[in-house]
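A.B. asks: To convert, take the position in the sequence shown, counting from 1, and add 72; that gives this note's numbering.
Structure incoming, see below.
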Amino acid sequence: MDFFCKNNEMFYICRNKKTKIMKKIAFFSVLFAIAVIATVSCKKKEEKPEPKDSFLAAQENALAQNLFDDVFKQVDNASRKMDDSCGGTKSAFESLAACATVTITPFDAVTWPKTVTVDFGTTNCMGNDGRTRRGKLIYTVTTWYHDSGCVITVNPQNFYINDHKVEGTKTITNKGRDNDGYLVYQVVVNNALITKPDGNTFTWNTSRMHKWVAGETTILNPWDDVYLITGTANGVASDGGAFSITINTPLDVAVSCKWIRSGTLTLVTEQFPNGIQVDYGNGDCDALATATIQGQTYNFVMN
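Structure representation (structure tokens):
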């Protein structure tokens with residue numbers, strides 16, 4: 073081939089062939105480069121975190137916290153009623169909704185544990201706080217509510233708050249008083265399942281400490297009770313994304329307010345493994361909160 077290519081005509085033919093081959097190589101190289109760029113671009117686009125996904129986790133964590141705080145409040149109210157009734161007294165202030173009935177078994181002052189059923193009926197019942205509830209909260213209590221070591225295990229039964237179905241086991245343990253003299257309750261929620269009015273569900277678990285910082289001495293008025301909450305939680309949001317949280321600044325929860333009033337936490341999601349900072353505000357009773365993601369702060373509303 074080298075010999076014939078020295079001939080001008082053959083040399084011309086070989087050069088054409090070589091040119092065509094080089095053009096084909098160049099063409100397929102461009103196609104390959106475009107494919108690589110497109111693949112990398114799509115991968116980057118797919119892997120880019122979407123803040124809205126983490127907003128959902130933040131909202132649903134706040135919702136679960138809110139709903140199970142409500143369970144705590146209802147158990148607290150019913151336990152006060154139980155202490156009064158079994159002890160032979162009656163509070164002048166009725167904190168439970170008028171449609172709620174409390175059944176205590178056995179009904180005496182000496183037999184423990186007791187089973188307490190708080191029944192809100194089968195249709196929505198409006199409470200004094202403006203929330204609707206239906207279904208039952210059934211719990212066992214080992215001794216008087218305010219005694220150190222008292223353990224309360226709560227199991228909701230077809231229980232709804234504002235049409236959100238609340239399932240899961242909640243255990244409340246009176247841990248006695250801290251160094252500042254405040255009563256402290258350990259609160260553990262296992263296998264919680266929240267079904268929202270639109271049918272979407274999410275799961276939640278938590279282990280927390282509730283410090284009772286205001287309202288303990290005003291026995292006849294539960295509405296001035298305030299708790300500071302610390303601890304951790306985890307769950308799977310309704311979009312399938314797993315999340316976990318750690319409370320950094322204690323959450324301020326008041327019986328008189330539907331929402332968390334203040335406090336901060338770090339929320340970790342699959343999209344943001346380095347964490348999102350959630351801030352519940354400065355103490356005002358409102359549904360507003362913020363989430364700071366990679367230096368950018370977004371507003372969101374608690375349910």
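Virtual Cβ for every residue (Gly too), placed ideally from N, Cα, C.
This structure is a prediction, so every number in the text was calculated from the model and none was measured.
To the nearest angstrom, report how far apart asparagine 371 and glycine 307 are at their CA atoms.
C.D. replies: 22 Å
A.B. asks: Buried or exposed for threonine 278, please, with buried defined as at least 16 other CB atoms from any protein chain shown within 10 angstroms of its CB.
C.D. replies: buried
A.B. asks: Once you ignore the five residues that flank isoleucine 97 on each side, which residues in its own chain have a CB closer than 8 Å to its CB?
C.D. replies: For isoleucine 97, the predicted model reports a pLDDT of 39, less than 50, meaning its position is unreliable; a value from the coordinates is still stated below. So no residue of the chain qualifies.
A.B. asks: When burial is assigned at 16 or more other CB atoms within 10 Å of the CB, is cysteine 357 buried or exposed?
C.D. replies: exposed
A.B. asks: Could you work out which residue in Thr364, Ile319, Asp297 and Ala309 is closest to glycine 303 when comparing CA atoms only?
C.D. replies: When only C-alpha atoms are compared, the closest one is Ile319.
A.B. asks: Please state whether DSSP places arginine 203 in a helix, a strand or coil.
C.D. replies: coil
A.B. asks: Kindly list the residues whose CB is nearer than 7 Å to the CB of arginine 206, restricted to its own chain and excluding five residues on each side of it in sequence; keep chain order.
C.D. replies: Phe192, Gly193, Thr194, Thr195, Asn196, Cys197 and Tyr232.
A.B. asks: By the 10 Å Cβ neighbour count, where 16 or more other Cβ atoms means buried, how is glutamine 368 classified, buried or exposed?
C.D. replies: exposed
A.B. asks: By the three-class DSSP mapping on this structure, what secondary structure does tryptophan 284 have?
C.D. replies: In this structure, tryptophan 284 counts as strand in the three-state DSSP scheme.
A.B. asks: Let me check one thing: in DSSP terms, what residues is histidine 236 bridge-paired to?
C.D. replies: Ile233
A.B. asks: Compute the Euclidean distance between the alpha carbons of threonine 225 and valine 238, then round it to the nearest angstrom.
C.D. replies: 15 Å
A.B. asks: Can the beta-carbon of leucine 46 be found closer than 9 Å to that of isoleucine 317?
C.D. replies: Nothing in the structure corresponds to residue 46, since the chain is present only between 73 and 375.
A.B. asks: Quick one: is glutamine 131 buried, meaning 16 or more other Cβ sit within 10 Å of its Cβ, or exposed?
C.D. replies: buried
A.B. asks: Can you check DSSP and say which residues form a bridge with threonine 362?
C.D. replies: Asp351 and Asn371
A.B. asks: Can you tell me the Cβ-Cβ gap for alanine 363 and leucine 128, rounded? I've got them flagged as a contact below 8 Å.
C.D. replies: Going by Cβ atoms, the distance from alanine 363 to leucine 128 rounds to 11 Å, so no, they are not a contact pair.
A.B. asks: Could you tell me whether the Cβ of glutamate 239 comes closer than 9 Å to any Cβ of chain C?
C.D. replies: Here chain C cannot be found, since the structure has a single protein chain.
A.B. asks: Figure out for me which residue from Gly253, Gly240, Arg152 and Ala286 has the closest Cα to the Cα of threonine 273.
C.D. replies: With distances taken between Cα atoms, threonine 273 lies closest to Gly240.
A.B. asks: Going by C-alpha distance, which of Arg152, Asp324 and Thr212 is nearest arginine 333?
C.D. replies: Asp324
A.B. asks: Nearest-angstrom Cα distance between cysteine 329 and lysine 145?
C.D. replies: The C-alpha of cysteine 329 lies about 11 Å from the C-alpha of lysine 145.
A.B. asks: Determine the closest residue to aspartate 270 out of Asn234, Val182 and Val340, with distance taken between C-alpha atoms.
C.D. replies: Distance check between aspartate 270 and each of Asn234, Val182 and Val340 places Asn234 closest, using alpha-carbon atoms only.
A.B. asks: Leaving aside the five residues before and after alanine 169 along the sequence, list all residues of the same chain whose C-beta is less than 8 Å from its C-beta, in chain order.
C.D. replies: Result list for alanine 169: Phe192, Cys197, Met198, Gly199, Asn200 and Arg205, in chain order.
A.B. asks: The beta strand (DSSP E) that contains asparagine 293, what's its start and end?
C.D. replies: That residue, asparagine 293, is in no beta strand (DSSP E); it is neither H nor E in DSSP.
A.B. asks: I'd like to confirm the pairing. Which residues does DSSP put opposite leucine 139 in its beta bridges?
C.D. replies: DSSP, once it has assigned bridges, lists no residue as partnering leucine 139.
A.B. asks: Which residues in the same chain as lysine 116 place their Cβ atom closer than 8 Å to its Cβ, once the five residues preceding and following it in sequence are excluded?
C.D. replies: Residue placement at lysine 116 cannot be trusted, given a pLDDT of 37 that sits under 50; the coordinates are not used to answer.
A.B. asks: Let me confirm a value: asparagine 133 is counted as buried when at least 16 other C-beta atoms fall within 10 Å, else exposed. Which label applies?
C.D. replies: By the C-beta density criterion, asparagine 133 is buried, having at least 16 other C-beta atoms within 10 angstroms.
A.B. asks: What are the start and end residues of the beta strand (DSSP E) that includes aspartate 191?
C.D. replies: It spans 186-191 - the beta strand (DSSP E) in which aspartate 191 sits, taken as one unbroken run.
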